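Colleague:
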Amino acid sequence: MVRRDSADDHLRALHQQGWEAACSLHRHLRGGGELAPVATPGVLLEVGEVAYGDVAAQYARFYGMNVTYNQRSGFYFGSPLFVAAGLVGDAVANSSARSRAQAMAQPQWRDFSPCRAILTDRRMLLHVAAENRWVSLRHHEIVSFLPVIDQWALFTDYQQWEPMRLAGPTVPWLTAATISVLNRGRSEYQQLPPLPLPD
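Right under this line is the structure:
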C-alpha cells in the first residue's frame, strides 16, 4: 500500500508542477511576454525552425478501421441432433466473431502511447514510443483546437490526420505555448480559445 500511495503522491506532484508551469506561462504571455526557444537534444529541426517546448505526454488518435474475422464452418456427420448442434455452434461462434469485429471497427480512441512532444514555430513533432516513429503535424493544417484542461488534455484535428489527443501533467503548459505559437502575427495572445487558467 505504501508503494501505491507514493506513486499517487508523485503523480499529484507532477500535476501540481505542470499546473504551476502553465499558470506562470499564461501570466507571462498575457503580460506581453514571448516564448523562449529551447534545445531539442537528438532531434534535427528544419532550417530556421525554432522549438519552444519539448515535453512528455500521452498520445492517442481517434479513427475507425477495417477488421476481418474468420467464419467457422464445420462439416458434421452423424445423427441429426449432432449435426444440428454443430451448425448452431458455428452460428453462435460466427455471430460472436462478427460482433467483436464490428466493435473493433468502430471509430474510437486508439494507439495509446507515451510520446515526446516538441512544439516549434511550424509544427508539433511527436515521437510516439509504442510505434517508435515521428509524426509531424503542421500548424497550418489544424482544423480544430480544443483544450480540456480539467482532463489535462488537448484535442486537435488536422486536415490530413485523424483527431489527436495529448494528455498529462505537461499539457496545460503545452496548450498555452501552442496558443501563443498559433497567434503569431495576430495582435494578442488572447485571440485563440480562452484558457481557463488564473491570471
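Residue numbers (our numbering): 4 to 202. Even for Gly, the Cβ is constructed at its ideal location relative to N, Cα and C. Treat the numbers as computed from the prediction; the structure is a model and nothing was measured.
Per DSSP, what kind of secondary structure is Y192 in: helix, strand or coil?
Modeller: As a first step, residue 192 must be located in the sequence shown, where it is residue number 189. Because Y192 sits at a pLDDT of 48, beneath the cut-off of 50, its placement in the model cannot be relied upon, and the point is left open.
Colleague: Provide the residue(s) that pair with A120 in DSSP beta bridges, ordered along the chain.
Modeller: Taking the sequence shown and counting its residues from 1, one reaches residue 120 at position 117. A120 pairs with V58 and L129.
Colleague: May I have the straight-line CA-CA distance separating F80 from R103, to the nearest angstrom?
Modeller: Residue mapping note: residue 80 aligns to position 77 of the sequence shown, counting from 1. Residue mapping note: residue 103 aligns to position 100 of the sequence shown, counting from 1. Between F80 and R103, the C-alpha separation is close to 29 Å.
Colleague: Roughly how many angstroms separate the alpha carbons of I152 and N69, rounded to a whole number?
Modeller: For the purposes of this step, residue 152 is identified with residue 149 of the sequence shown, where counting begins at 1. For the purposes of this step, residue 69 is identified with residue 66 of the sequence shown, where counting begins at 1. Distance between the alpha carbons of I152 and N69 is about 33 Å.
Colleague: Could you have a look at E52 and say whether DSSP puts it in helix, strand or coil?
Modeller: Indexing the sequence shown from 1 puts residue 52 at position 49. Three-state result, E52: coil.
Colleague: What number of angstroms, rounded off, separates the C-alpha of T173 from the C-alpha of W22?
Modeller: Residue numbering aside, residue 173 sits at position 170 when the sequence shown is read from its first letter. Residue numbering aside, residue 22 sits at position 19 when the sequence shown is read from its first letter. If I take the Cα positions, the gap works out to 8 Å.
Colleague: Considering only the alpha carbon of each residue, which of I145, S116 and G51 lies closest to W137?
Modeller: For the purposes of this step, residue 137 is taken as residue 134 along the sequence shown, with counting starting at 1. It is S116 whose Cα lies nearest to the Cα of W137.
Colleague: What are the boundary residues of the beta strand (DSSP E) that V146 is part of?
Modeller: Here residue 146 refers to the residue found at position 143 when the sequence shown is read from its first residue. I145 to V151 is the extent of the beta strand (DSSP E) around V146.
Colleague: Considering only C-alpha positions, which residue in the set I182, H18 and A16 is nearest to R125?
Modeller: Taking the sequence shown and counting its residues from 1, the one referred to as residue 125 is at position 122. Closest by alpha carbon: I182.
Colleague: What are the residues that DSSP puts in a beta bridge with D11?
Modeller: Counted from its first residue, the sequence shown places residue 11 at position 8. None; D11 has no bridge partner.
Colleague: If we count the other Cβ atoms within 10 Å of its Cβ and call it buried at 16 or more, is L28 buried or exposed?
Modeller: Against the sequence shown, residue 28 aligns to sequence position 25. L28 comes out buried.
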